[in-house]
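Position 158 (the sequence shown) corresponds to 159 in my numbering; numbering is contiguous. The beta-carbon is built from N, C-alpha and C at its ideal position, and this holds for glycine as well. Reviewing the structure listed below.
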Amino acid sequence: MDTRLMEAGDYDALAALWSGFPGNAMTAADSRAGFERFLGANGPLCFVLLDGTGVAGSVMAGHDTRRGYVYHLAVSSRLQGTGGGRLLMERVERALLDEGIEKVHLFIYRDNPAVAFYERLGWRVRQDIHVMSKVLSGDPSTGMRETPMPDARGDGAARTDPR
Ligand SMILES: CC(C)(COP(=O)(O)OP(=O)(O)OC[C@H]1O[C@@H](n2cnc3c(N)ncnc32)[C@H](O)[C@@H]1OP(=O)(O)O)[C@@H](O)C(=O)NCCC(=O)NCCS
């Protein structure tokens, strides 16, 4: 396995990867236009994982000059548990540090099994802060999940993108 910088041409493979996880709803930010906009702003911080057959994982990050933010960490189900997630996170954390970013945050549903993955990599769940959100256009309730999704082993990806 290896990683390389994400490219606009990866969109179809990534959309298939992300939408392949049961229950993972794609948001407007995941449209081709939204993807290209994010990549245009944060290209050096977005990576794909490659196996022998092509794109098998992803991570996207950005920063606001103060803090970094990680999105869309995902590894194809068939490769999970073989080090790809760690590889992607090491690569993106190094890239953020290279840009002078010393602290990074991510949003994850409390019931996502990937919480334990992140803890293994040195991340800590914050008990001292709330995340507050407001939808600025359209239906104010869009994407605000108020109740936990069913917990089922293997579909952790259903909670990839708290919105
Ligand atoms: C989270 C995810 C990216 C992890 O990728 P992965 O390639 O399976 O992880 P790795 O094989 O690199 O594992 C790295 C370490 O974390 C541990 N780990 C991985 N998943 C774990 C889990 N669910 N619970 C506890 N530990 C876990 C591994 O045992 C390994 O430990 P070690 O290196 O000390 O032996 C992958 O499970 C995934 O794509 N999940 C669905 C998408 C998702 O939920 N992403 C998070 C969005 S916020």
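Three-state class that DSSP yields for residue i in the structure shown
i	result
V76	strand
Y110	coil
G166	What is shown of the chain runs 2 to 164, which leaves residue 166 out entirely.
G86	helix
T22	At residue 22 the sequence reads Phe, which differs from the Thr that was named. Coil.
E94	helix
P45	helix
G10	helix
Nearest residue (CA-CA) to residue i, options the options
i	options	result
Y119	G69, D52 and H106	H106
I109	Y72, R87, M90 and T83	Y72
L122	T66, L50, D11 and G86	G86
G69	R95, A14, L15 and E37	R95
L50	G101, E100 and S78	S78
V126	P45, M133, V60 and A115	A115
W124	M90, L46, A30 and Y12	M90
S138	A29, E8 and S20	A29
Residue(s) in a DSSP beta bridge with residue i
i	result
T4	L50
S32	None, per the DSSP bridge assignment.
Y70	G63 and H106
Residue i burial status per 10 Å Cβ neighbour count (16 or more: buried)
i	result
G53	exposed
D112	exposed
P151	Residue placement at P151 cannot be trusted, given a pLDDT of 37 that sits under 50; the coordinates are not used to answer.
D3	exposed
R92	buried
D140	exposed
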